[in-house]
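To start, the structure itself, in structure tokens.
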Amino acid sequence: MAYDLGGFGAAGYNLRSKTSKALVLTPDQINLLTACFTGLAALTSVAVVWATFRVTKATEASVEVLKAQHRAATRPYVEISVYPRTGTTMLMLAVKNTGSSAAENVRLIVDRDFFYNAEEGPNTNIRTFPAFKDVIASLGPRAELKFNLGIGARVLNNPTLCPKKFAIAANYSFAGEHVSETTPIDLAPFVRTVAHEEPIVEQMRRIADNSGKIFDLMNESPI
-14 MAYDLGGFGA
-4 AGYNLRSKTS
6 KALVLTPDQI
16 NLLTACFTGL
26 AALTSVAVVW
36 ATFRVTKATE
46 ASVEVLKAQH
56 RAATRPYVEI
66 SVYPRTGTTM
76 LMLAVKNTGS
86 SAAENVRLIV
96 DRDFFYNAEE
106 GPNTNIRTFP
116 AFKDVIASLG
126 PRAELKFNLG
136 IGARVLNNPT
146 LCPKKFAIAA
156 NYSFAGEHVS
166 ETTPIDLAPF
176 VRTVAHEEPI
186 VEQMRRIADN
196 SGKIFDLMNE
206 SPI
């Protein structure tokens, strides 16, 4: 038995022909698509590189912050201050390492002459004291050097021998780093101040005074 496809067969052939023609790309189109895919791949690579760069920079910044925090927590700090000695009018100069590691090769430099207790002499100028003249090999954590500047009234009333304002430079090193810091000293605020006394000391003085009075009364009483 034979079937005549007639026009249906021709239509099917034409459909296949049109479909085949639609899928066929010219060399120019192929080159264009290739260029597009290459461009997209390049943009993707650039995006990946940029993202990696940002992540790397963020990581480096975090590492630097951690290093700075570690350095700040473990380094030495040479602090210089003046304060009145408790219970007296004596002015004291303190040099203390408040850090958690040793300060090495410490060099303390006073910028002008300052004579202890306003007493001029070859051995009373603090600039000639060993701590301010020689290099200190190491100042350990919490180590402190204290010096008497003199009685407040004498020091503050003799600005020629005891300048109210001066500065002390502290140069030292640690872990391969070098530090240079200058601390200004101002004694003017101590003018007309009173001596601070610990409460327990005041109480002990009162007890001593009362004990003396009782002892005197006992001596005066007839036996």
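Numbering of the sequence shown is given in the working numbering, commencing with residue -14 and proceeding in unit increments.
Even glycine gets a Cβ: it sits at the ideal position worked out from N, Cα and C.
Is it buried or exposed for residue 88, if we count other Cβ within 10 angstroms and need 16 for buried?
Buried, since its Cβ has 16 or more Cβ neighbours within 10 Å.
Return yes when the Cβ of residue 95 is within less than 9 Å of the Cβ of residue 157, no when it is not.
Contact flag unset, no.
What's the gap between the Cα of residue 115 and the Cα of residue 73?
Taking the straight line joining both Cα atoms gives about 26 Å.
Are there three or more Cβ pairs, one per stretch, closer than 8 Å when the segment 53 to 68 is compared with the segment 155 to 172?
Judged by Cβ distances under 8 Å, the segment 53 to 68 makes contact with the segment 155 to 172, as three or more pairs qualify.
How would you label residue -10, buried or exposed, when you count the other beta carbons within 10 angstroms and need 16 or more for buried?
Confidence at residue -10 is low in this model, with a pLDDT of 49, below 50, so its placement is unreliable and the value that follows should be read with caution. Under this definition residue -10 is an exposed residue.
Name the one or two DSSP bridge partners that residue 76 has.
DSSP lists 69 and 135 as partners of residue 76.
Rounding to the nearest angstrom, what Cα-Cα distance links residue 16 and residue 24 in this structure?
Cα to Cα, the separation comes out at about 12 Å.
Examine the Cβ distances between the segment 40 to 52 and the segment 144 to 152 and report whether three or more of them are shorter than 8 Å.
The segment 40 to 52 is not in contact with the segment 144 to 152.
DSSP puts residue 93 in a beta bridge; with which residues?
Partner(s): 155.
Could you round the C-beta distance between residue 143 and residue 77 to whole angstroms and report it? I think they count as a contact, below 8 Å.
Not quite, the Cβ-Cβ distance comes to about 17 Å (not below 8 Å), so this is no contact.
Once you ignore the five residues that flank residue 224 on each side, which residues in its own chain have a CB closer than 7 Å to its CB?
Because the chain is modelled from -14 through 208, residue 224 falls outside the range shown and cannot be assessed.
Taking residue 122 as the reference, give the member of 110, 159 and 57 with the closest Cα.
Closest by alpha carbon: 159.
In whole angstroms, give me the CA-to-CA distance for residue -14 and residue 9.
Because the pLDDT at residue -14 is just 49, under 50, the model does not fix this residue reliably, and the point stays unresolved.
With H, G and I counted as helix, E and B as strand and the rest as coil, what does DSSP make of residue 210?
There is simply no residue 210 to check, as the chain begins at -14 and stops at 208 in what is shown.
Determine the DSSP secondary structure at residue 117, reduced to helix, strand or coil.
It is helical.
Between the Cα of residue 145 and the Cα atoms of 36, 103, 12 and 52, which residue gives the shortest distance?
Comparing Cα positions, the closest option is 103.
Please report the distance separating the alpha-carbon of residue 11 from that of residue 36.
If I take the Cα positions, the gap works out to 37 Å.
From the DSSP output, in three-state form, read off residue 100 for me.
Looking at residue 100 - three-state DSSP - the assignment turns out to be strand.
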